[in-house]
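Residue numbers (numbering that gives the first Met the number 0): 0 to 495. Everything below concerns the one structure shown next.
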Amino acid sequence: MSAPEVTVIEDIRPLIAFVAPLIGVIGIAWAGEKRKNLRETFTFLVATIQASVVLSMVPILLSGSIIEFQIWQMFTHVPLLLRVDGFGLLFACVASLLWIATTVYAIGYMRGLHEHAQTRFYSFFAISLSATIGVAFSANLLTIYFFYEMLSVSTFPLVTHMQDKDARTGGRTYLGYLLFTSLCLLLPAMSWCYVWLDGGTVTMDFLADTGKVGAFSQTTQIVLLALFTFGFAKAGIMPLHSWLPGAMVAPTPVSALLHAVAVVKVGVFCVIRVYSDIFGIQVLQELDGEDWMIGLACATILISSLIALSQDNLKRRLAFSTIGQLGYVVLGATLATEQGVGGSVLHIAMHACGKITLFFCAGAIFVASGKKYVSELRGLGRKMPITMGAFMIGSLSVIGLPPLGGFISKWYLALGALDRDMTWVVVVLLVSSLLNVFYLLPVAVTAFFRDPDDDKETGMKEAPMACVVPLAITAIGCFVLFFFAEPILHLVGLSK
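Right, dumping it as structure tokens:
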């Protein structure tokens, strides 16, 4: 994603964006359970500061420069280095802006259900967003690995927040998958690159720009590609996907941001980084065994969609939907064409907005009615028209219908497949979109057009406004993103 020759500006703002949530944790912990308003003010304040700092770097990137800040020289030639390029900044913008919406939503959700340990929840939520920004701005493999692991550990208390048997089981699966793959697959792949370079530094674009990965044998390249792909297990590629449905035991604000934006998107973000900036499009196109990754991504898309069809629990249905949508992002990277990578980049933003809307709606339904199964939603659209209307919009965006953002990203993915003369991949995209229709639209249809089982209660009964307003805003965002595909591609350097 990085241009070969750009002006590098040293600026402290990347560090501020990373540190702001960590400083906010101090205020959150100090306010505690006795000063809830103050605690939530600290949460909202640091989220706003982080987003403002991130957005302030957009003009610099659009002018053709990139920003760097060295945190610490860990080893010889291997610094803990932050670098802000177009792709990293886009991801940081998505995560930080949606954190603001999720902060407001979490207040309504956590208070509406009188959840316990809310101070711990907000504290680790902030740490997780700090780690996410660290990944977005990582300049080399060591830095990205450091923040990737930080994110895994800091989200564990959020997944196990309920502290019951299901939460503990889901948490063990979550941490077990992510730590095992990063230590046994990702770390060896990263070490392999560093050792081969005799200790030289490896920035995210160094290997691709110098053609050094191309100097490896074909077998070595395939092994490295596999280690990196499966090492970033947060990407949810099958068969290393089971942690994601299990993590749905977490409170909905966690599912919404961390499993629709931060955690899973960190996984696919890292995969795109490795494919585009470590290997490079040219190397991947010439790699004989690379097509197996295209097949694996397509299999993930179709199988997860089929499993989603059978899920009655709404959050689990959305979880398997997420696995399939992550497959789209990986597919675009594996196609190794400019159009395909553009589709991957766009789908990170488009899917984030659509899927967080769906999770917000699922949480709002639970807060207002206590219902969490699709079969229980008969007639609920009459009582919760705003929530179910937003669910319909989010569903149509994930399905990929215009004028919603999901259409643009899927269009670019199809063009990327045609660039590789892979018509069968376009067929997979069409079939998967049809499956999206079958498992998402029935939720809204059941809510709006089926008679309720119990119609004793009449009138509207929406969740608290703190839940409803964010889901309405993100639903509107699905429309807005449809018209901003070109500026996004321009930011990441992929527009013509």
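Beta carbons are placed, not taken as given, at the ideal position from N, Cα and C, and that holds for glycine.
| request: Could you please give me the residues that DSSP links to W71 through a beta bridge? | output: As a first step, residue 71 must be located in the sequence shown, where it is residue number 72. L79, per the DSSP bridge assignment.
| task | Going by CA-CA distance only, name the one from E289, I487, P78, P58 that's closest to T218. | result | By one-based count along the sequence shown, residue 218 stands at place 219. Among E289, I487, P78, P58, the Cα nearest to that of T218 belongs to E289.
| Taking just the CA atoms, how far does V93 sit from F478? | As a first step, residue 478 must be located in the sequence shown, where it is residue number 479. As a first step, residue 93 must be located in the sequence shown, where it is residue number 94. Between F478 and V93, the C-alpha separation is close to 15 Å.
| request: Name, in chain order, the residues that DSSP records as bridge partners for V7. | output: For the purposes of this step, residue 7 is taken as residue 8 along the sequence shown, with counting starting at 1. Note: V7 sits in a beta bridge opposite I65.
| alpha helix (DSSP H) runs wholly inside the region 374-445, at least 4 long, in chain order | 379-382, 384-398, 404-418
| field | Cut-off 7 Å between Cβ atoms - residues of its own chain near T102, not counting five sequence neighbours on either side | value | The count along the sequence shown starts at 1 and reaches residue 102 at position 103. The residues are T42, F43, A46.
| said: So, does the region 423-440 touch the region 294-308, judging by three or more C-beta pairs under 8 Å? | reply: yes
| query | Straight-line CA distance for N312 to L379? | reply | By one-based count along the sequence shown, residue 312 stands at place 313. By one-based count along the sequence shown, residue 379 stands at place 380. Roughly 16 Å between the two C-alpha positions.
| Whole-Å CB distance - G353 paired with V397, under 8 Å assumed | In the sequence shown, counting from the first residue as 1, residue 353 sits at position 354. In the sequence shown, counting from the first residue as 1, residue 397 sits at position 398. G353 to V397, Cβ: 5 Å. Contact.
| task | Identify which residue in I277, G245, H240 has its Cα closest to the Cα of L224. | result | As a first step, residue 224 is located in the sequence shown; it is residue number 225 there, counting from the start. Of I277, G245, H240, the residue nearest in Cα terms is I277.
| request: Would you decide whether T509 is buried or exposed? Buried here means 16 or more other CB atoms lie within 10 Å of its CB. | output: In the structure displayed, the chain extends from 0 to 495; residue 509 sits before or after that span and is not available.
| request: Per DSSP, which residues does S190 bridge with? Please list them. | output: Residue numbering aside, residue 190 sits at position 191 when the sequence shown is read from its first letter. According to DSSP, S190 bridges with nothing at all.
| DSSP on S137, reduced to helix/strand/coil? | Taking the sequence shown and counting its residues from 1, the one referred to as residue 137 is at position 138. Strand, per DSSP.
| task | Quick one: give me the first and last residue of the alpha helix (DSSP H) that V340 is part of. | result | As a first step, residue 340 must be located in the sequence shown, where it is residue number 341. Residues 337-368.
| query | Can you list, in chain order, the residues of its chain whose CB lies under 7 Å from that of T473, leaving out five sequence neighbours each side? | reply | On the sequence shown, residue 473 is found 474 positions in, with the first residue counted as 1. Excluding positions up to five away in sequence, the list reads A100, C352, I355, T356, F359.
| query | Rounded to whole angstroms, how far is the Cβ of L412 from the Cβ of G492, which I believe are closer than 8 Å? | reply | Taking the first residue of the sequence shown as 1, we reach residue 412 at position 413. Taking the first residue of the sequence shown as 1, we reach residue 492 at position 493. L412 to G492, Cβ: 19 Å. No contact.
| message | Just to confirm, is the Cβ distance from L128 to S151 under 8 Å? | response | As a working note, residue 128 is residue 129 in the sequence shown. As a working note, residue 151 is residue 152 in the sequence shown. No. Outside cutoff.
| message | Taking the straight line between their C-alpha atoms, what separation do you get for L157 and F124? | response | Counting from one through the sequence shown, the residue named residue 157 turns up at place 158. Counting from one through the sequence shown, the residue named residue 124 turns up at place 125. Each residue's Cα considered, the two are about 7 Å apart.
| request: Inspect the beta-carbon positions of L141 and V77 and report whether they are closer than 8 Å. | output: Against the sequence shown, residue 141 aligns to sequence position 142. Against the sequence shown, residue 77 aligns to sequence position 78. Yes. Within cutoff.
| said: Buried or exposed for S62, going by 16 or more other Cβ atoms inside 10 Å? | reply: Within the sequence shown, residue 62 is the residue found at index 63, counting from 1. Burial call: exposed.
| query | In whole angstroms, what is the alpha-carbon distance linking A116 and V253? | reply | Taking the sequence shown and counting its residues from 1, the one referred to as residue 116 is at position 117. Taking the sequence shown and counting its residues from 1, the one referred to as residue 253 is at position 254. Straight-line Cα distance between these residues: approximately 14 Å.
| task | Kindly list the residues whose CB is nearer than 8 Å to the CB of T209, restricted to its own chain and excluding five residues on each side of it in sequence; keep chain order. | result | Numbered from its first residue, the sequence shown carries residue 209 at position 210. Summary for T209: the model assigns pLDDT 43, below 50, so the residue's position carries little reliability, and this model does not support an answer.
| request: Using 10 angstroms around the beta-carbon of L439, count the other beta-carbons present and answer buried if the total reaches 16, otherwise exposed. | output: To locate residue 439, count along the sequence shown from 1; it is residue 440. Buried: at least 16 other Cβ atoms inside 10 Å.
| query | So, P20 versus I126, is the Cβ gap smaller than 8 Å? | reply | By one-based count along the sequence shown, residue 20 stands at place 21. By one-based count along the sequence shown, residue 126 stands at place 127. Contact: yes.
| Can you name, in chain order, every residue of its own chain whose Cβ lies under 6 Å from the Cβ of H240, other than the five neighbours on each side? | Here residue 240 refers to the residue found at position 241 when the sequence shown is read from its first residue. Result list for H240: I322, in chain order.
| message | Tell me the rounded alpha-carbon separation between V468 and E114. | response | Locating residue 468 in the sequence shown gives position 469, where the first residue counts as 1. Locating residue 114 in the sequence shown gives position 115, where the first residue counts as 1. Using only the alpha carbons, I get a separation of about 20 Å.
| said: Using a 10 Å radius around the Cβ and a threshold of 16 neighbouring Cβ atoms, would you call L295 buried or exposed? | reply: Your numbering for residue 295 matches position 296 in the sequence shown. With 16 or more Cβ atoms within 10 Å of its Cβ, L295 is classed as buried.
| What does a CB cutoff of less than 7 Å around L414 pick up in its chain, not counting 5 residues either side in sequence? | To locate residue 414, count along the sequence shown from 1; it is residue 415. Q338.
| task | Select from Y327, P486, L226, M56 the residue whose C-alpha is nearest the C-alpha of C297. | result | Residue 297 sits at position 298 when you count from the first residue of the sequence shown. Minimum Cα distance to C297 is reached at Y327.
| task | State yes or no: is the C-beta of L400 within less than 8 Å of the C-beta of A446? | result | On the sequence shown, residue 400 is found 401 positions in, with the first residue counted as 1. On the sequence shown, residue 446 is found 447 positions in, with the first residue counted as 1. Their beta carbons are not under 8 Å apart, which means L400 does not touch A446 by this criterion.
| said: Can you check which of these residues, P463, V265, D84, is closest to A348 by C-alpha distance? | reply: Taking the sequence shown and counting its residues from 1, the one referred to as residue 348 is at position 349. When each option's Cα is compared against that of A348, the closest is V265.
| field | Alpha-carbon to alpha-carbon, R449 and L206 | value | Translated into the one-based positions of the sequence shown, residue 206 becomes position 207. Translated into the one-based positions of the sequence shown, residue 449 becomes position 450. Residue placement at L206 is flagged as unreliable, the pLDDT there being 46, under the threshold of 50; the coordinate-derived value follows with that caveat. Approximately 57 Å, taken between the alpha carbons.
| message | Since Y108 and V270 should fall inside the 8 Å C-beta cutoff, what is the C-beta to C-beta distance between them, to a whole number of angstroms? | response | Along the sequence shown, one-based indexing puts residue 108 at 109. Along the sequence shown, one-based indexing puts residue 270 at 271. 31 Å between Cβ atoms; not a contact.
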